[in-house]
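Sequence lines, in order, name chains C and S.
For reference, each letter of the first sequence is one residue, going 20 to 430 in the numbering used here.
For reference, each letter of the second sequence is one residue, going 20 to 430 in the numbering used here.
Don't be surprised by glycine CBs; every beta carbon is placed ideally from N, CA and C.
On a predicted model such as this, the values are computed, not experimentally measured, just so you know.
A quick write-up on the structure given underneath.
Number of protein chains: 2
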Amino acid sequence: MALYVQKYGGTSVGSVERIQAVAEKVKGFRQQGHDVVVVVSAMSGETNRLIALAQDMQTQPDPREMDALVSTGEQVTIALLCMALKKIGVDARSYTGAQVRVLTDKYHTKARIQDIETERVRTDLDQGRVVVVAGFQGVDTDGNITTLGRGGSDTTGVALAAALKADECQIYTDVDGVYTTDPRVVEGARRLEKITFEEMLEMASLGSKVLQIRAVEFAGKYKVPLRVLSSFKDGPGTLITIEDDEAVEKPVISGIAFNRDEAKLTVMGVPDIPGVASRILGPISRANIEVDMIVQNIAADHTTDFTFTVHRNDYDKAQGVLQQVVKELGARESVGNNKIAKVSIVGVGMRSHAGVASKMFDALAAENINIQMISTSEIKVSVVIAEKYLELAVRALHSAFDLDASDTVSE
Amino acid sequence: MALYVQKYGGTSVGSVERIQAVAEKVKGFRQQGHDVVVVVSAMSGETNRLIALAQDMQTQPDPREMDALVSTGEQVTIALLCMALKKIGVDARSYTGAQVRVLTDKYHTKARIQDIETERVRTDLDQGRVVVVAGFQGVDTDGNITTLGRGGSDTTGVALAAALKADECQIYTDVDGVYTTDPRVVEGARRLEKITFEEMLEMASLGSKVLQIRAVEFAGKYKVPLRVLSSFKDGPGTLITIEDDEAVEKPVISGIAFNRDEAKLTVMGVPDIPGVASRILGPISRANIEVDMIVQNIAADHTTDFTFTVHRNDYDKAQGVLQQVVKELGARESVGNNKIAKVSIVGVGMRSHAGVASKMFDALAAENINIQMISTSEIKVSVVIAEKYLELAVRALHSAFDLDASDTVSE
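As structure tokens, this is what we get:
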């Protein structure tokens with residue numbers, strides 16, 4: 020008899036029929052004797068509809084009013100799901116973020132959870148009810164409605180699971196787990212039974228968009244076992260959990276992440292003096308452009324080439340900023356490329372295995388793929404390559420690290 | 020420098036453009052130096068959309084969840100209106116019923132307001148803000164969202180005006196005031212400058228659907244001056260207020276109300292013994308049928324004919340109930356007619372003028388209209404006639420009581 024917090028995203032509750040299917044799934048868990056707290060998002064499309072209405076009113080909608088507006092999306096879903104549960108004989112009760120209450124800071128549209136009261140939820144669970152909570156929203160100390168930013172429903176689920184000391188936080192989504200890489204690119208991509216929070220964070224931030232990064236961080240911090248499952252087909256999904264020291268043999272690499280959304284910019288011939296990095300990246304940051312990878316090399320003539328990547332949408336803007344920077348720094352020129360892709364290998368096993376990076380470079384070299392940038396962390400190695408080689412690179416690495424579907428390396 | 024509570028209904032906020040028009044109207048009042056609290060309904064169509072979703076889930080949707088669901092309708096409007104106000108430089112802040120807070124009893128979907136806190140609203144007004152409140156909704160002592168039932172936004176407006184001691188509660192709607200009768204029936208129907216709460220109640224309950232009855236009762240009880248105006252064209256509208264003793268000359272009749280939604284049923288040859296009325300109306304009431312007019316006459320043979328009217332939708336059901344009643348009472352038979360209409364003359368002037376009823380009957384007789392039932396109160400006389408004579412009767416009465424457009428009797 021466990022306590023599960025289950026989160027269903029917008030696609031999983033996207034229609035009357037899908038909400039009814041969620042109700043049936045929840046009923047199944049109740050019939051097995053488990054307690055269930057359900058966290059739901061707005062029905063798919065609803066948040067975009069509301070945002071469009073807001074933008075008809077105000078180009079930059081007032082953040083407090085924006086939160087009051089979009090928070091109605093989940094409120095609709097919680098009420099409908101409770102009706103669907105009652106219809107099939109499952110007692111249920113809905114709560115908005117303010118009703119629970121999910122206390123947040125005052126940063127409208129991107130608030131962070133500070134505390135969750137669990138008294139009302141506990142009382143309902145003790146009385147045999149399913150509790151249905153609106154994800155993505157909370158309330159500040161002055162009673163203003165806040166939202167956690169898009170996708171924040173995952174965070175609500177994890178935070179509730181932590182506050183309630185739930186046995187598992189289950190994130191229902193439209194994929195049936197976390198894969199070694201995107202199955203659309205590599206046919207042999209394999210669902211992982213288990214992955215660590217750290218690996219998941221690297222996978223997520225590198226473009227495998229199964230879970231919200233903040234939710235994974237939160238789950239890791241509070242050691243809430245997190246499971247990604249499909250709303251639409253049965254299966255064990257992927258369990259995201261703390262590192263399991265007992266596992267004798269660990270795969271070196273858990274997965275291959277990749278990202279096509281980046282563009283690369285280089286300032287060439289920069290005088291090699293202190294403070295150059297901040298004089299290049301300061302103006303970029305002030306233009307609200309986020310930087311991902313950064314690489315700097317010293318050339319023979321005591322100048323340096325400074326390269327970084329940005330989101331592809333910011334490419335033109337960043338080029339504009341750099342023209343001014345080149346003048347001010349007395350640099351030679353700035354060049355850029357928006358036909359690049361980033362590929363990363365991720366795995367906690369890297370820590371205890373030498374030679375992982377060189378194995379990666381070998382595999383790419385064997386396919387004649389030139390590496391333009393390299394960046395490493397304790398559990399990942401990322402490279403930037405020409406976008407046209409992306410699929411080839413991912414398949415080569417997937418095979419080189421023995422990730423293709425087979426039982427030999429699965430946990 | 021007055022404080023106005025302004026209520027805008029679903030049609031008045033039915034689109035982005037209309038919400039922007041409301042914002043402009045509110046800005047005009049602010050520029051004249053007035054304080055404004057705005058109460059809004061859901062955008063027209065929205066509440067019906069939500070109810071349809073609920074009914075897809077549950078034939079009889081759970082009332083608590085229904086309230087959580089439909090209350091999102093007004094929440095969307097308050098946020099959008101605040102954005103529209105801010106866009107044109109008017110500082111504004113939205114409040115849901117729970118945020119204000121509008122405290123109600125626990126009767127979901129038909130709650131009644133018990134108390135309104137005004138502290139936050141006062142603070143915002145003092146800081147020069149327009150306060151925008153979601154109509155139709157409140158919260159109970161346990162923090163559950165409640166609604167006042169359909170059309171309850173008028174009541175929210177009046178209750179807020181009473182709590183804030185506002186100078187006037189202005190109800191903006193799609194008509195430009197209260198008329199002597201329906202202008203679609205009588206071309207010469209005239210907008211009234213003023214009408215008393217009592218007259219308005221009789222007009223409203225008799226089928227002139229400009230204002231919610233409960234809102235008028237509430238306004239009368241707390242002596243909140245109520246004004247009905249058009250959202251779409253300028254004009255003074257109609258002021259609903261307490262009886263003005265200073266007016267020397269009062270029109271005898273303020274207006275003609277009528278109603279096509281009724282059906283008439285008669286139990287004939289009922290033994291004239293005590294308790295007959297309850298033995299007839301008891302079963303009707305238990306079948307959830309509401310009764311409007313009731314008339315009983317004693318016949319020469321010591322039996323009685325008992326006649327009453329019900330909503331036309333309940334006609335068949337009521338006939339079924341009466342078949343059983345006839346058997347149990349040993350009555351002769353039951354007959355009915357659903358091709359009837361009710362016409363009423365309403366006016367506080369009746370109190371001090373004799374012969375109003377007979378003047379009404381004369382006017383109908385002159386048109387050869389047979390009167391089937393009569394019912395009177397202190398400030399109204401209602402008759403039931405064949406439906407086919409309805410328009411003729413209304414026009415005849417409008418003219419007989421000098422209500423046709425002219426300045427001679429207007430206040």
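Exposed unless 16 or more other CB atoms sit within 10 angstroms - verdict on residue i
i, result
"H127 (chain S)", "buried"
"S172 (chain S)", "buried"
"Q343 (chain C)", "exposed"
"Q146 (chain C)", "exposed"
"T436 (chain S)", "Examination of residue 436 (chain S) is not possible in this model, given that chain S is present from 20 through 430 alone."
"G29 (chain S)", "buried"
"I135 (chain C)", "buried"
"N20 (chain S)", "In the sequence under discussion, the amino acid at residue 20 (chain S) is Met, which differs from the Asn named in the question. Exposed, by the Cβ-count rule."
"G254 (chain C)", "exposed"
"E430 (chain S)", "Low local confidence applies: a pLDDT of 36 at E430 (chain S) is under 50, so the model's placement there is unreliable, and no value is given."
"I307 (chain C)", "At residue 307 (chain C) the sequence reads Asn, which differs from the Ile that was named. N307 (chain C) comes out exposed."
"N316 (chain S)", "exposed"
"T142 (chain C)", "exposed"
"D333 (chain S)", "buried"
"Q133 (chain C)", "exposed"
"E397 (chain S)", "exposed"
"S60 (chain C)", "buried"
"G349 (chain S)", "exposed"
"I261 (chain S)", "exposed"
"S34 (chain S)", "exposed"
"N278 (chain S)", "buried"
"A71 (chain S)", "exposed"
"K399 (chain S)", "buried"
"K407 (chain C)", "exposed"
Neighbouring residues, chain S, relative to residue i (Cβ below 8 Å)
i, result
"A73 (chain C)", "A98, L99 and M102"
"M76 (chain C)", "V35, I38, Q39, L99, M102, A103 and K106"
Beta-carbon gap between residue i and residue j smaller than 9 Å
i, j, result
"V314 (chain S)", "S371 (chain S)", "no"
"A223 (chain S)", "L422 (chain S)", "no"
"P302 (chain S)", "V340 (chain S)", "yes"
"L167 (chain S)", "R233 (chain S)", "yes"
"V310 (chain S)", "K361 (chain S)", "no"
"T328 (chain S)", "M392 (chain S)", "yes"
"Y114 (chain S)", "V149 (chain S)", "no"
"V439 (chain S)", "V158 (chain S)", "Outside the displayed range of chain S (20 to 430) lies residue 439 (chain S), so it cannot be described from this structure."
"R210 (chain C)", "D195 (chain C)", "yes"
"G239 (chain C)", "S249 (chain C)", "no"
"E281 (chain S)", "H321 (chain S)", "no"
"M102 (chain S)", "P80 (chain C)", "yes"
"T175 (chain S)", "G162 (chain S)", "no"
"I404 (chain C)", "I364 (chain C)", "no"
"F251 (chain C)", "V295 (chain C)", "no"
"V152 (chain S)", "F237 (chain S)", "no"
Where residue i meets chain S, residues with beta-carbon distance less than 7 Å
i, result
"A87 (chain C)", "Q94, I97, A98 and S113"
"E84 (chain C)", "A98, C101, M102 and S113"
Residue i: contacting residues in chain C (beta-carbon distance under 8 Å)
i, result
"D81 (chain S)", "C101, M102 and K105"
7 Å Cβ cut-off: residues of chain C touching residue i
i, result
"G162 (chain S)", "Q118"
Interface flag, residue i vs chain A, CB-CB below 9 Å
i, result
"L69 (chain S)", "Given the protein chain composition of this structure (C and S), no chain A is represented."
Cross-chain neighbours of residue i in chain C, by beta carbon under 9 Å
i, result
"T13 (chain S)", "Nothing in the structure corresponds to residue 13 (chain S), since chain S is present only between 20 and 430."
Any non-hydrogen atom of the ligand FMN closer than 8 Å to residue i Cβ
i, result
"I97 (chain S)", "Summarising the ligand content, the structure contains no ligands, and the ligand FMN is consequently not present."
Q: Output the residue ranges of the alpha helix (DSSP H) runs that lie fully inside the region 348 to 416 of chain C and measure 4 residues or longer, sorted by chain position.
A: Complete alpha helix (DSSP H) runs here, min 4: 375 to 385.
Q) For the 8 Å Cβ check, are there 3 or more pairs between the region 207 to 219 of chain C and the region 50 to 58 of chain C? A) Taking a contact to require three or more Cβ pairs closer than 8 Å, the region 207 to 219 of chain C and the region 50 to 58 of chain C do not qualify as touching.
**Q.** Sufficient close CB pairs (3 or more, under 8 Å) joining the region 235 to 252 of chain C to the region 277 to 289 of chain C
**A.** Not touching, per the Cβ criterion.
Q | the region 73 to 93 of chain S touching the region 80 to 100 of chain C, judged by at least three CB pairs closer than 8 Å | A | When C-beta atoms of the region 73 to 93 of chain S are compared with those of the region 80 to 100 of chain C, three or more pairs fall below 8 Å, so the two segments count as touching.
(Q) When you compare the region 103 to 117 of chain C with the region 70 to 78 of chain C, are there three or more beta-carbon pairs, one atom per stretch, that lie closer than 8 Å? (A) The region 103 to 117 of chain C is not in contact with the region 70 to 78 of chain C.
(Q) For a minimum of 4 consecutive residues, which ranges assigned as the alpha helix (DSSP H) are wholly contained in the region 76 to 155 of chain S? (A) Taken in chain order, the whole alpha helix (DSSP H) runs of length 4 or more contained in the region 76 to 155 of chain S are 82 to 106, 116 to 119 and 138 to 145.
Q. Okay, do the region 21 to 34 of chain C and the region 182 to 199 of chain C touch, 3+ Cβ pairs below 8 Å being the bar?
A. Contact check between the region 21 to 34 of chain C and the region 182 to 199 of chain C: three or more CB pairs, one atom from each, fall below 8 Å, which counts as touching.
Q. Does the pairing of the region 406 to 417 of chain C with the region 371 to 387 of chain C give three or more beta-carbon distances under 8 Å?
A. With a cut-off of 8 Å, the region 371 to 387 of chain C and the region 406 to 417 of chain C count as touching, because enough Cβ pairs lie within range.
Q. Taking one C-beta from the region 32 to 40 of chain S and one from the region 108 to 122 of chain S each time, how about it: are there three or more such pairs within less than 8 Å?
A. No, because fewer than three Cβ pairs between the region 32 to 40 of chain S and the region 108 to 122 of chain S fall closer than 8 Å, the two stretches do not touch.
Q. Considering only residues of the region 219 to 292 of chain S, which uninterrupted beta strand (DSSP E) runs meet the minimum length of 3 residues and lie entirely inside it, listed in chain order?
A. If we require 3 residues or more, the beta strand (DSSP E) runs fully inside the region 219 to 292 of chain S come out as 245 to 249, 257 to 260, 274 to 278 and 281 to 290.
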